[in-house]
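S.K.: Have a look at this one.
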Amino acid sequence: MEVIGLGALVVIAVMLAIAMATTTSRRRLAEAQKALAEAMAVQAQAQRALNAAAETRAPSEEASEDETARLRADLATAQQGLTERHEALEAARLDAVAKAQAEARIAEELQRERAAVAREIEEARAHAEDARRRAAETGEALDEARRDAENARRDVAEARRETDEMRRSLSPLQAEVAHLGEALAQATSGQAAAQARLLALEVTCSATERAALAAEAERKGHEAALAAFTGEARAASEEASRREKALRAALAGAEALRTEGEEKLRAGLEEVRTARAEREAFALEVRALREALALARKAAEEKKTQDEKGDGEKQGEKTPGAPAAARAGVPGAARAGTAATKGKAPEVKRVSVWWCTACGRGATRPERCCS
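Numbering-wise (this note's numbering), the sequence shown opens with residue 868 and increments by one.
Right, dumping it as structure tokens:
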């Protein structure tokens, strides 16, 4: 019974350990979901950055388009990998939920088994207590019968001593038998009475011995019943031990399943961290590409400005009489240049030319640029 009580305590401790492990698994699953949400937010931010880069790129930059297409392909691949990791994490979560439900069912079964074992233990204790009480009553009755038999034996011994004394007293008087016939008759009658008393005492002793034998048989029956109750209690204890071993095996299986779920969850978290690192590297690469794109655009604008300046200078070289103001597009300067080509030399007012850095066109004043 003490072993059964210890087994019940072990079952309760195992149930508490299962509850703590389930709480830890749920907390880790929540952390994994939070990390997945952060990874999805980073992915959305990278997608927005890529869309902004695609909207702000120049139409004439085919290399940047190819790079953007490649980046989109990489982003699609990363999204596909993230989707697969998300599915794996969801499968791990479902597996953890199923394991938690299985652990709850096992805990319920443990509770029912513990209640059944407790009931069986209480019944066995009640039977054992009843058997002890009956054995005690039987022992008391047997002690009383033994006392009665001892008293009867003492009475028989006393009667025998009296008979022996009478016989010893009759031995010296054998020579006086003829003279003491009356005394002999009295002695004979006394002997007969003593024999009758002895016979009565022997009958009483036999009855007492039969009662003692019956009490002994009843005691043996009670002892057999107590042995049967003890065997039943031992069988119940062995059955409880077997059930406890089976429950421990089930708990070991549940622990193995929980360990496997935790390993899968850790692997999913590691994949999420890897995906996050890849997305951060991808964001850095997109940022570097945007900076390179801005530098390329600036270089293209400078080249375009230099080309326009070179075209203006070439056009001025074709009209040698025209001043720089005419090449800049000033109407008065153009007429002056025409007059110079005809042999006239009117005075030409010099005009400063401003070049717009945004569009590359020239103007006479800064406020006339395209901006």
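Glycine included, each C-beta is placed from N, C-alpha and C at the ideal position.
(1) Taking its Cβ as the centre, do 16 or more other Cβ atoms sit within 10 Å of Gly1277, making it buried, or is it exposed?
(2) Does the region 1078 to 1093 come within contact of the region 1004 to 1023, defined as at least 3 CB pairs closer than 8 Å?
(3) Report the rounded CA-to-CA distance for Glu1168 versus Thr950, giving the unit in angstroms.
(4) Taking 7 Å as the threshold (C-beta atoms), are Lys966 and Arg1125 in contact?
(5) Drop a sphere of 10 angstroms on the beta-carbon of Leu896, count the other beta-carbons inside from all chains shown, and report buried for 16 or more, exposed for fewer.
(6) Our contact map puts Ala1121 next to Ala969 with C-beta atoms below 8 Å; I'd like the distance itself, whole angstroms only.
(7) Excluding the 5 residues preceding and the 5 following Arg1020 in the sequence, name in chain order all residues of the same chain whose CB lies nearer than 7 Å to its CB.
(8) Would you tell me roughly how many angstroms separate the C-alpha atoms of Ala998 and Ala1092, rounded to the nearest one?
(9) Hey, Leu1068 and Ala1024: beta-carbon distance below 7 Å or not?
(10) Quick one, which of Glu980, Arg939 and Glu1085 has its alpha-carbon nearest Arg915's?
(11) Beta-carbon within less than 6 Å of Ser927's beta-carbon, same chain only, minus the 5 sequence neighbours each way: which residues are those?
(12) Rounding to the nearest angstrom, what Cα-Cα distance links Met887 and Arg937 in this structure?
(13) Within a Cβ cutoff of 7 Å, which residues of the same chain sit near Ala1008, ignoring the five residues on either side of it in sequence?
(14) In terms of alpha-carbon separation, which member of Ala943, Glu1085, Asp1022 and Glu1106 lies closest to Leu1065?
(15) Output the distance between the C-alpha atoms of Arg1133 and Phe1096, rounded to the nearest integer angstrom.
M.R.: Let me spell this out:
(1) This structure gives no information on residue 1277, because the portion of the chain shown stretches from 868 to 1238.
(2) Between the region 1078 to 1093 and the region 1004 to 1023 there are three or more inter-stretch CB-CB distances shorter than 8 Å, so the stretches are counted as touching.
(3) Taking the straight line from one Cα to the other gives about 42 Å.
(4) Yes; because the gap between Cβ atoms is below 7 Å, this pair is in contact.
(5) Leu896 is buried by the Cβ-count criterion.
(6) The pair is a contact, with the Cβ atoms about 6 Å apart (cut-off 8 Å).
(7) Only Cys1072 meet the Cβ criterion.
(8) Take the alpha-carbon of Ala998 and the one of Ala1092: they are about 7 Å apart.
(9) Contact check for Leu1068 against Ala1024 fails: the beta carbons are separated by 7 Å or more.
(10) Check the Cα spacing between Arg915 and each of Glu980, Arg939 and Glu1085: the tightest is with Arg939.
(11) Here the model assigns Ser927 a pLDDT of 45, short of 50, so the residue's position is not dependable and the matter cannot be decided.
(12) Taking the CA atoms as reference points, Met887 sits about 49 Å from Arg937.
(13) Excluding sequence neighbours, Ala1008 sits near Ala1082.
(14) Nearest to Leu1065 by alpha-carbon distance, out of Ala943, Glu1085, Asp1022 and Glu1106, is Asp1022.
(15) If I take the Cα positions, the gap works out to 54 Å.
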